[in-house]
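Numbering (this note's numbering), first residue to last: 88 to 282. The C-beta atom is built at its ideal place from N, Cα and C for all residues, glycine as well.
Structure, rendered in structure tokens:
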């Protein structure tokens with residue numbers, strides 16, 4: 088059970104960082120990825136499991152959901168993303184039972200990300216992209232100090248099957264929608280699942 092973590096606090100230390108100013112001006116999500124086409128590869132540190140994650144290592148082996156999330160600092164969560172982070176973590180096992188990995192990408196730095204992993208008791212991999220290179224490669228947009236949330240469902244060959252880009256009406260794809268997508272691409276879990 089998740090201990091009581093406030094959505095935000097009055098501690099704004101670390102908020103006005105170079106990352107904040109780099110992502111301050113709004114840029115709308117403009118991802119023009121086509122379905123059935125491979126998405127950009129990346130390599131990022133997984134702060135949950137203390138390893139490096141290469142997206143290409145899943146290709147040919149396991150479907151993946153890349154879930155970009157919006158966390159300002161270890162004490163300042165986006166109010167639209169916090170419930171999504173918590174529910175995705177709570178239901179992570181449902182995805183892995185289907186043989187689908189969930190990679191959550193944040194723009195918080197290593198120190199902040201480790202605190203997020205601890206405070207939210209994350210089970211799913213939290214990948215740190217403080218420079219925002221992967222966010223920009225996927226063209227998810229940005230506003231008011233942080234990249235925008237988005238979700239991409241990739242089949243076992245790394246091809247795009249589903250994407251959800253931020254909108255104020257639906258900031259994140261519902262967990263039910265992501266589970267439906269996971270069911271549609273799920274295959275028996277092979278022995279060589281990345282883990």
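Close Cβ partners of residue i (< 6 Å) along its chain, the five nearest in sequence each way excluded
i	result
residue 153	190, 239
residue 268	240, 249
residue 223	none
For residue i, the residue or residues it bridges with in DSSP
i	result
residue 250	239
residue 139	132
residue 145	BP columns for residue 145 are empty, so no partner.
7 Å Cβ shell around residue i - same chain, five flanking residues per side excluded
i	result
residue 185	269, 270, 273
residue 127	224, 225
residue 200	134, 193, 213, 215
residue 196	215, 217
Close beta carbons around residue i, own chain, < 8 Å, minus the five adjacent residues each side
i	result
residue 174	262
Integer Cβ distance of residue i from residue j, believed to fall under 8 Å
i	j	result
residue 146	residue 244	6 Å
residue 236	residue 168	5 Å
residue 124	residue 247	6 Å
residue 227	residue 129	Contact flag wrong, Cβ pair sits at about 13 Å.
residue 170	residue 242	About 27 Å; that fails the 8 Å criterion.
Three CB pairs or more closer than 8 Å across the stretch 214-221 and the stretch 178-196: Counting Cβ pairs under 8 Å, three or more are found: they touch.
Flag this pair as touching only if the stretch 250-261 and the stretch 129-146 have three or more C-beta atom pairs under 8 Å; answer yes or no. Touching, no.
3 or more residues per run - each beta strand (DSSP E) lying fully within the stretch 180-247: If we require 3 residues or more, the beta strand (DSSP E) runs fully inside the stretch 180-247 come out as 188-193, 213-215, 237-241.
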